[in-house]
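Worksheet for the structure shown next.
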Amino acid sequence: MASLGYVDKHSDEVGKQSVALLDLVGPNSQYGFDYKPWSGREAIPIANDEGRVIAVLVGQPKDPDWESIHTSASALLDQSQVGISFGGGQQCVVPPSLKPSLKRMCPQFLQNLHHEGTVAQVLATLINHIAFIHLAGFASGIFTARSLSLFQCYAMHLRALLLSNDNLILNFANSIFSASTFNFGPKSVTIEHTDSGNLLFGWCTIPVLSWFNSKKGVHLILWDLKLVIEFPPGSTVLIPSTVLRHSNTTVDHGEMRYPFMQYMAGGLFRWVDDGFQLSEDYWRQLNSVERDAALRARAG
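With this note's numbering as the guide, the letters of the sequence shown map in order to residues 425 to 724.
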């Protein structure tokens with residue numbers, strides 16, 4: 425039922441390797457993308473040809489302590505990545521994120537995602553640290569301000585989800601997003617990709633942390649828009665990560681990059697809309713009239 429707009433059926437990774445800034449912009453570049461300087465402080469909406477806002481360079485809050493907040497978060501990730509491993513690279517979805525079970529396209533039940541031992545201790549420290557609480561709350565607040573109707577959709581589904589199961593716990597009480605991903609780097613570079621598990625029409629918040637020269641590297645690349653954007657430390661962007669192909673440029677020698685993402689899986693929305701049951705069970709019990717009505721409702 426991915427066609428009804430919950431998740432993307434396509435592969436997450438579409439690129440094969442990371443790219444440097446000079447490959448993307450300039451007279452001798454391979455791609456000929458446009459370059460967007462950004463201080464990382466002011467908010468800049470990005471619109472498509474029809475004038476619809478499809479991404480937002482959020483910037484930073486007007487908080488005199490913001491510099492110390494995001495550098496504290498960077499330092500904590502830098503310290504935490506020593507001596508721990510997550511198997512598939514230094515990236516981890518933090519417990520207790522709400523997630524579908526093994527059937528992403530049609531979740532059988534909901535559970536908290538758990539880790540054990542040192543990893544669990546590290547992640548518990550991160551989600552309870554005041555710096556990450558600030559980062560999570562700021563991103564969620566901006567999401568509310570930028571897309572109130574979508575926020576209300578998230579809130580309605582999240583409320584129903586939590587009321588349906590007393591064992592489910594949010595990562596951050598001040599954030600609407602059910603899942604968080606910490607990337608421990610220290611040189612986190614993503615190739616061109618989309619995030620198929622995120623809600624198809626939803627947003628992903630990405631504050632970038634650590635220490636680097638944003639004019640030389642770690643730029644945000646929006647492939648579908650042929651756009652390369654400066655992405656300074658401590659700043660945040662909102663993108664529809666399921667449909668907008670994105671990555672970042674390489675990290676210079678001696679510099680580090682630690683992204684921290686928040687999002688909500690499309691499977692959670694489907695689980696709520698399907699009455700907290702398997703998708704095939706939900707559709708099987710409907711008669712033709714009820715099925716047509718449900719399809720019309722989900723088509724918007």
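We put the beta carbon where it would ideally sit given N, CA and C, even for glycine.
Since the structure is predicted, the reported quantities are computational estimates derived from the model, not experimental observations.
Residue environment, residue i, which counts as buried when at least 16 other CB atoms sit within 10 Å
| i | result |
| --- | --- |
| Ile663 | buried |
| Thr660 | buried |
| Gln576 | exposed |
| Arg583 | exposed |
| Asn672 | buried |
| Asp698 | buried |
| Ala560 | buried |
| Gln441 | exposed |
| Glu654 | buried |
| Pro461 | exposed |
| Ala497 | buried |
| Leu501 | buried |
| Leu719 | exposed |
| Leu445 | buried |
| Asn713 | Rather than Asn, the amino acid found at residue 713 in this sequence is Val. By the 10 Å Cβ count, Val713 comes out exposed. |
| Thr629 | buried |
| Leu644 | buried |
| Arg694 | buried |
Beta-carbon separation (whole angstroms), residue i vs residue j, contact threshold 8 Å
| i | j | result |
| --- | --- | --- |
| Leu692 | Leu585 | 6 Å |
| Ile551 | Phe596 | 7 Å |
| Thr666 | Asn622 | 5 Å |
| Phe684 | Phe606 | 6 Å |
| Lys639 | Asp676 | About 10 Å separates the two Cβ atoms, so there is no contact after all. |
| His670 | Leu646 | 6 Å |
| Gln686 | Ser620 | With a Cβ gap of about 17 Å, Gln686 and Ser620 do not count as contacting. |
| Leu710 | Asp458 | So it is not a contact: roughly 48 Å between Cβ atoms. |
The alpha helix (DSSP H) enclosing residue i, as first and last residue numbers
| i | result |
| --- | --- |
| Phe562 | Ile554 to Arg570 |
| Ile551 | Gly541 to Ile551 |
| Leu710 | It is not in any alpha helix (DSSP H) - Leu710 carries neither H nor E in the DSSP assignment. |
| Ser496 | Trp490 to Ser504 |
| Gly691 | Gly690 to Asp697 |
| Asp447 | Leu445 to Leu448 |
Residues bridged to residue i [DSSP beta-bridge criterion]
| i | result |
| --- | --- |
| Ile600 | Paired residue(s): none; Ile600 is not in a bridge. |
| Pro631 | Thr660 |
| Gly483 | Thr660 |
| Tyr459 | Val652 |
| Pro469 | Val480 |
| Ile645 | Val652 and Ser671 |
| His677 | Looking at the DSSP assignment, His677 forms no beta bridge with any residue, so it has no partner. |
| Asn622 | Ala689 |
Residue i, enclosing beta strand (DSSP E) - first and last residue
| i | result |
| --- | --- |
| Tyr687 | Tyr682 to Tyr687 |
| Val652 | Leu651 to Ile653 |
Three or more C-beta pairs closer than 8 Å, one from the stretch 555–571 and one from the stretch 473–485: is that the case here? yes
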